[in-house]
Amino acid sequence: MLVALPLAGQQTEITVEATNCRTLNLYAFNGSGFDLVQPFSKGADGNWTTTVNLATPSFRYVGSKPSDALPIIVGDKAPLTITGTCGRLRNGKVQGSPINVRYQALKATFRQHSSRFATSMRAYNQAQAKKDSVTMKQERAALVTLDNDKRQLLEEVKADYPLLAKVISLNTYLIFINENQGRFPNELDYFVNTYFQFVDFQDESYNDLPWTYEGHRNFTNTLAGAISGEQLGDILLAVFDQWPAGSRAQFFAMSGGFAALSQKKHPATIKLADAIEQRFKEAYPKAVAHVRQQAAGLRTYTIGAEAPDFTGLDPEGQEISLSDLRGKVVLIDFWASWCGPCRKENPNVVKMYAKYKDQGFEILGVSLDNTKSRWLKAIEDDKLTWLHVSDLKGWRSAFAQQYGVSSIPQTILLDKAGNILARNLRGAGLEQKLAEIFATK
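For the sequence shown, this note's numbering assigns the number 1461 to the initial residue and increments by one for each residue that follows.
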């Protein structure tokens, strides 16, 4: 499906000199993935061309598929040429466009700033531990210089490339030890309140800027390492609410935060996913559906939540549903015959099953095998006498996707009502938990 985007008088001709391309398209970022804007046409000379009309310079992506697309800036009139190879077009080169050349230089500057910060902060902390006041003073001065360079970069770029200035505004964090000056009680509060201090939240240009997503993903990723609890969701929503309610920029910001949290399986992920769906399901149904799908498996990481039901075929081809096991304490055990750590853990699980099966303990093994004969042989060899299901789709298993399983062995322990008690208990941890549950039996 082609996506219509605003037309205007700024016309950009794009030529792609690339090999190994069967098709070539122009994409736009939608907050969780990419929409097809328009295809390229292949000329007799083997090059691919298209013409783009946009009101102002904007980010778009060129590639044979979204996963191999090169980010470019179009809409500044200057024709641009891309050279590369399909399959590796993300590493292509852009020529003939000053704003794209400046953008590549800007990314290199960001990397240099990060390196300078890491070097000086490491030296400062080491000197602080040694009470080396001379070195501490030197490194603080270096950090002041770095902050001044960041401010100068923003001012220099504003006049010539307003779009790139907005990218900079989302990446300009000034250093706590120099800039706080008693305003906030700790660095965490300072970080939350000043990270986006150079962003104009009312500027509509951020609505079509992928860096709005990227900047908030980076921001959230840092916070997720410092705040492990669900309260992070409220902190993030307060930050995201600085954007106009329901704006595309707010959606990009929240989606970037969700991407960072979901990768870490953070407890605040679901709160953010629910807020995204509530606010944007009508405006961006396709992108929200993608968020909903990602969040579904992560909900199974919430202790106390009801475990999603599923039905699979056992080795004899008979259906077994998780809901059939209500009234028992159930261990869902994701494993596979080819998984060494799974097979090593199996004797412990066998021991636990023998000890508690007569007291209302059941196991439902969910195999990520592709081959039925290997699955059955592993069950027999390891003497796994409990219930088993598999769709024999390996990592594409619908059950694994439903439960957000990206590594095995992995277990989910359910109470008699089908609610999640614990996740990833193995060995002594599983033994201790089962002993607690069945202590009064």
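Idealized CB from N, CA, C, for every residue including glycine. All values reported here derive from a predicted model rather than from experimental measurement.
- Judged by pairs of C-beta atoms under 8 angstroms, the segment 1830-1845 does not touch the segment 1872-1883, as fewer than three such pairs exist.
- Closest in C-alpha terms to L1873, from the list A1899, D1851, T1760, comes T1760.
- When C-beta atoms of the segment 1591-1604 are compared with those of the segment 1566-1583, three or more pairs fall below 8 angstroms, so the two segments count as touching.
- The count of Cβ pairs closer than 8 angstroms, one atom from the segment 1776-1788 and one from the segment 1731-1746, stays below three, leaving the stretches out of contact.
- For the set S1783, R1708, K1832, the Cα lying nearest the Cα of W1671 is the one of R1708.
- Going by C-alpha positions, A1767 is about 10 angstroms away from I1792.
- Rounded to the nearest angstrom, the gap between the Cα atoms of F1718 and K1746 is 16 angstroms.
- Judged by their CB atoms, I1730 and T1680 are not nearer to each other than the 8 angstroms cut-off.
- By the C-beta density criterion, P1622 is exposed, having fewer than 16 other C-beta atoms within 10 angstroms.
- In this structure, V1497 lies away from A1504, with their beta-carbon atoms at least 8 angstroms apart.
- Taking all protein chains in view, the Cβ of G1689 is surrounded by fewer than 16 other Cβ atoms within 10 Å, so the residue is classified as exposed.
- The C-beta distance from Q1470 to T1510 rounds to 15 angstroms, too long to fall under 8 angstroms, and the pair is not in contact.
- With fewer than 16 other beta carbons inside 10 angstroms of its own, N1646 counts as exposed.
- The bridge partners DSSP lists for L1824 are I1792, L1847.
- Taking every protein chain shown into account, the CB of E1805 has 16 or more other CB atoms within 10 angstroms, so this residue is buried.
- Distance check between Y1673 and each of V1809, E1639, V1627 places V1627 closest, using alpha-carbon atoms only.
- For F1494, the closest C-alpha among the options G1523, T1479, A1755 is that of G1523.
- Ranked by how close their Cα comes to the Cα of L1890, the residues N1808, Q1861, L1824 have N1808 in first place.
- When W1508, L1885, V1534 are compared, the shortest CA-CA separation from L1514 is found for V1534.
- For L1758, DSSP records no beta bridge to any residue.
- When beta bridges are read from the DSSP output, N1879 appears opposite E1766.
- With respect to N1638, D1607 sits close: the two C-beta atoms are nearer than 8 angstroms.
- Non-local beta-carbon contacts of P1539 in its own chain, meaning distances under 8 angstroms to residues more than five positions away in sequence, involve T1472, E1473, I1474, T1475, G1556, S1557 in chain order.
- In chain order, F1821, I1823, T1845, W1846 place their CB closer than 8 angstroms to the CB of Y1813, counting only its own chain and leaving out the 5 sequence neighbours on each side.
- Judged by DSSP secondary structure, Q1555 falls within the beta strand (DSSP E) whose first and last residues are 1553-1555.
- Boundaries of the alpha helix (DSSP H) around R1834: 1832-1841.
- When secondary structure is reduced to three states using DSSP, S1722 falls in the helix class.
- P1704 carries a coil assignment under DSSP once its states are collapsed to helix, strand and coil.
- Of the residues V1594, D1620, R1576, the one whose Cα lies closest to the Cα of L1603 is R1576.
- Between D1829 and S1781 a beta carbon distance of about 20 angstroms is seen, past the 8 angstroms cut, so the two are scored as non-contacting.
- DSSP places F1489 in the uninterrupted beta strand (DSSP E) bounded by 1485-1489.
- From the listed residues L1852, V1561, A1858, the smallest Cα separation to K1832 is found for L1852.
- Using a 10 angstroms sphere on the CB of A1728, the tally of other CB atoms reaches 16 or more, which defines it as buried.
- In the three-state scheme derived from DSSP, where H, G and I count as helix and E and B as strand, S1665 is classed as helix.
- Membership of I1628 in any beta strand (DSSP E) is not indicated; the residue belongs instead to the alpha helix (DSSP H) covering 1622-1629.
- A direct Cα-to-Cα measurement between T1569 and R1803 gives close to 49 angstroms.
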